[in-house]
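Working notes, structure below.
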Amino acid sequence: MKIIVTGSLGNISQPLTVTLVAQGHQVTVISSDAKKQTAIEALGAAAAIGSIADVGFLTNTFRGADAVYAMIPLSFTEQDLGAYMHRMAQNYAEALKEAGTNRIVVMSGWVADLVKDENVEHVFDNLDASITIMRPGSFYTNFYQSIDLIKGRGFIGKFLTLRYSGLWALLTGKTGLLMGNYGGEDRIVFVSPKDIADAVAEELLLQPQEKTIRYVGSEEMTCNEAAKIIGTAIGKPWLKWVLLSDKEMLQGLKMAKVPEKLAETLVEMQAAMHSGKALENFHQSKPKMGKVKLSDFAKEFAATYHQK
Ligand SMILES: NC(=O)c1ccc[n+]([C@@H]2O[C@H](COP(=O)([O-])OP(=O)(O)OC[C@H]3O[C@@H](n4cnc5c(N)ncnc54)[C@H](OP(=O)(O)O)[C@@H]3O)[C@@H](O)[C@H]2O)c1
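Each residue of the sequence shown is one higher than the one before, starting from 4 at the first, in this note's numbering.
Following this line, the structure appears as structure tokens:
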């Protein structure tokens with residue numbers, strides 16, 4: 004099959020490309036960075052260099068493809084995340100329609116239907132194509148964004164470490180905190196991007212008649228259990244995941260100069276996880292869990308943590 008993978012060599016798209024190439028498919032990977040061309044070709048795929056903001060580029064790249072994996076990269080520089088996501092989803096929808104693509108697998112998330120402005124799943128509804136929406140849980144790779152916080156570095160880290168239960172950690176020199184407006188004893192579905200890639204690879208080859216939604220997870224546990232696994236791997240078994248209120252989280256993000264609308268969106272997404280509704284929806288869909296345990300990922304995480 005001729006398959007288009009968006010998301011460059013990102014967390015999901017790299018292992019997805021490797022799998023699809025190994026299965027003998029003709030894969031084209033979209034990247035906005037010309038410097039990635041060699042690395043994409045080294046995987047046995049073709050590179051299409053351009054932006055998902057460019058409908059003409061997308062249309063030309065999608066023409067003749069049997070299936071497309073469509074993802075919208077998160078942007079932490081956009082003032083209004085919801086508006087940006089709608090723009091990119093519209094771009095995809097326009098290009099997929101124009102190119103006449105029959106099979107589309109769209110990356111979404113397990114809180115998508117619980118947040119007001121950011122849910123773009125409906126943008127794909129009017130396409131005359133077979134559509135599957137992927138709703139993965141919280142990525143293991145998100146822990147990489149917390150390395151500075153765990154090390155007690157960074158503005159939000161310092162502010163909140165002083166203000167909350169990290170005082171003990173600071174006094175004893177045992178810096179080590181994760182935090183968010185979900186955390187503590189909240190039960191969360193964590194997921195390895197490799198397991199998501201396997202699920203997307205499976206879906207791209209199917210052709211369901213009806214629009215389908217597929218939840219993806221690797222392991223469910225409380226945030227503090229996750230902190231223990233990550234903490235133990237890096238030699239900080241006391242690592243805790245502090246649960247903040249929505250207001251505190253918003254205040255911290257504002258102090259870190261995150262644009263206001265974007266900060267509100269991030270708080271809303273995390274609140275959907277804290278509420279337990281995302282977990283309820285996940286359980287209702289009864290998906291089979293993936294193979295990669297958090298303890299497997301923690302070894303990779305530890306190697307990166309100690310290099311930084
Ligand atoms: N993190 C979570 O917990 C979570 C949970 C649920 C759902 N999700 C969803 O999962 C997706 C993230 O997937 P991922 O982690 O595999 O992605 P990723 O690792 O962030 O990679 C995305 C890649 O897209 C490329 N890109 C950025 N802007 C582009 C543009 N304008 N045009 C073309 N390519 C561009 C970049 O590579 P180049 O520099 O090479 O272009 C970037 O590395 C998002 O849609 C997110 O909403 C995430």
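By construction, the Cβ of each residue, glycine as well, lies at the ideal position given by its N, Cα and C atoms. From a predicted model like this one, the values you see are computed outputs, not experimental measurements.
Counting C-beta neighbours from all protein chains within 10 Å, is the total for Glu267 16 or more, i.e. buried, or is it exposed?
For the purposes of this step, residue 267 is taken as the residue at position 264 of the sequence shown. Result: buried.
Beta-carbon gap between Ser189 and Val219 smaller than 8 Å
Within the sequence shown, the letter at position 186 stands for residue 189. Within the sequence shown, the letter at position 216 stands for residue 219. It should be pointed out that residue 189 corresponds to Asp in this sequence rather than to Ser. Cβ distance not < 8 Å, so Asp189 and Val219 don't count as in contact.
Quick one: residues in its chain with C-beta nearer than 8 Å to the C-beta of Lys302, no 5 flanking neighbours on either side, listed in chain order?
Translated into positions along the sequence shown, residue 302 becomes position 299. So the qualifying residues of the chain are Ala236.
Could you say if the stretch 255 to 272 and the stretch 283 to 291 meet the contact criterion of at least three C-beta pairs nearer than 8 Å?
no
Could you name the residues that DSSP lists as bridge partners for Arg106?
Locating residue 106 in the sequence shown gives position 103, counting from the first residue. Ala70, Ser133.
Is Lys257 helix, strand or coil by DSSP?
Counting from one through the sequence shown, the residue named residue 257 turns up at place 254. If DSSP states are grouped into helix, strand and coil, Lys257 belongs with the helices.
Is Ile75 near ligand 1, with its Cβ less than 7 Å from a heavy atom?
Stepping through the sequence shown from its first residue, residue 75 is reached at position 72. Ile75: yes, Cβ under 7 Å from ligand 1.
Can you tell me whether DSSP reads Leu180 as helix, strand or coil?
Within the sequence shown, numbered from 1, the residue matching residue 180 stands at position 177. In the structure shown, Leu180 sits in a strand (DSSP, three-state: E or B).
Close-in-space but distant-in-sequence residues of the same chain around Val203 (CB under 7 Å, 5 per side omitted):
Position 200 of the sequence shown holds residue 203. Closer than 7 Å at the Cβ level, and outside the excluded window around Val203, lie Ile15, Leu19, Tyr72, Val108, Met137.
Would you mind stating whether Ser195 and Val118 have Cβ atoms separated by less than 8 Å?
Position 192 of the sequence shown, counted from the start, is the residue given in the question as residue 195. Position 115 of the sequence shown, counted from the start, is the residue given in the question as residue 118. No, the pair does not count as a contact, with Cβ atoms beyond the cut-off.
Exposed or buried, Ala259, counting other C-beta atoms within 10 Å across all chains shown (16 or more means buried)?
For the purposes of this step, residue 259 is taken as the residue at position 256 of the sequence shown. By the neighbour-count rule (16 or more Cβ atoms within 10 Å), Ala259 is not buried but exposed.
Would you report the Cα separation of Gly85 and Lys214, rounded to the nearest angstrom?
Stepping through the sequence shown from its first residue, residue 85 is reached at position 82. Stepping through the sequence shown from its first residue, residue 214 is reached at position 211. For Gly85 and Lys214, the distance between alpha carbons rounds to 23 Å.
Hey, is Lys302 close to ligand 1, as in C-beta under 7 Å from one of its heavy atoms?
By 1-based counting over the sequence shown, the position of residue 302 is 299. No.
According to the neighbour-count rule (16 or more other Cβ atoms, all chains shown, within 10 Å of its Cβ), is Gln17 buried or exposed?
Here residue 17 refers to the residue found at position 14 when the sequence shown is read from its first residue. The residue in question, Gln17, is buried, as its Cβ has 16 or more Cβ neighbours within 10 Å.
Anyone know if the C-beta pair for Ser11 and Lys39 falls short of 8 Å?
Taking the first residue of the sequence shown as position 1, residue 11 is located at position 8. Taking the first residue of the sequence shown as position 1, residue 39 is located at position 36. Yes; because the gap between Cβ atoms is below 8 Å, this pair is in contact.
Out of Ala115, Val245, Thr135, Phe304, point me to the one whose CA is closest to Met272's CA.
Numbered from 1 along the sequence shown, position 269 holds the residue referred to as residue 272. For Met272, the nearest C-alpha among the options comes from Ala115.
Is the separation between the beta-carbon of Gln148 and that of Pro262 shorter than 8 Å?
Your numbering for residue 148 matches position 145 in the sequence shown. Your numbering for residue 262 matches position 259 in the sequence shown. Going by C-beta atoms, Gln148 is not nearer than 8 Å to Pro262.
Going by beta-carbon coordinates alone, are Met91 and Ile33 separated by less than 8 Å?
Taking the sequence shown and counting its residues from 1, one reaches residue 91 at position 88. Taking the sequence shown and counting its residues from 1, one reaches residue 33 at position 30. Cβ atoms of Met91 and Ile33: not closer than 8 Å.
Under the three-state reduction of DSSP, which class applies to Val126: helix, strand or coil?
In the sequence shown, counting from the first residue as 1, residue 126 sits at position 123. Note: Val126 maps to helix in three-state DSSP.
Given 7 Å as the limit, tell me if Met224 has its C-beta closer than that to any heavy atom belonging to ligand 1.
The count along the sequence shown starts at 1 and reaches residue 224 at position 221. No, ligand 1 has no heavy atom inside 7 Å of this Cβ.
Can you have a look at Thr9 and say buried or exposed, based on whether 16 or more other CB atoms are within 10 angstroms of its CB?
To locate residue 9, count along the sequence shown from 1; it is residue 6. It is buried - the Cβ of Thr9 has at least 16 other Cβ atoms within 10 Å.
With which residues is Tyr218 paired in a DSSP beta bridge?
Residue 218 sits at position 215 when you count from the first residue of the sequence shown. Its beta-bridge partners are Arg138.
Name, in chain order, the residues that DSSP records as bridge partners for Arg190.
As a working mapping, residue 190 is identified with position 187 in the sequence shown. Answer is Thr225.
DSSP beta-bridge partners of Leu117
The residue labelled residue 117 in the question sits at position 114 within the sequence shown. BP columns for Leu117 are empty, so no partner.
DSSP-derived helix/strand/coil call for Leu46
Residue mapping note: residue 46 aligns to position 43 of the sequence shown, counting from 1. If DSSP states are grouped into helix, strand and coil, Leu46 belongs with coil.
Quick one: residues in its chain with C-beta nearer than 8 Å to the C-beta of Lys257, no 5 flanking neighbours on either side, listed in chain order?
In the sequence shown, the residue the question calls residue 257 occupies position 254. Taken in chain order, the residues that qualify are Glu263, Ala266.
Sorted by chain position, which residues of the same chain lie with C-beta nearer than 7 Å to Ala281's C-beta, five sequence neighbours on each side aside?
For the purposes of this step, residue 281 is taken as the residue at position 278 of the sequence shown. The residues are Trp113, Val114, Leu117, Ala275.
In chain order, what residues of the same chain lie with their CB nearer than 7 Å to the CB of Asn227, ignoring the 5 residues before and after it?
By 1-based counting over the sequence shown, the position of residue 227 is 224. Only Gly187, Glu188, Lys243, Trp244 meet the Cβ criterion.
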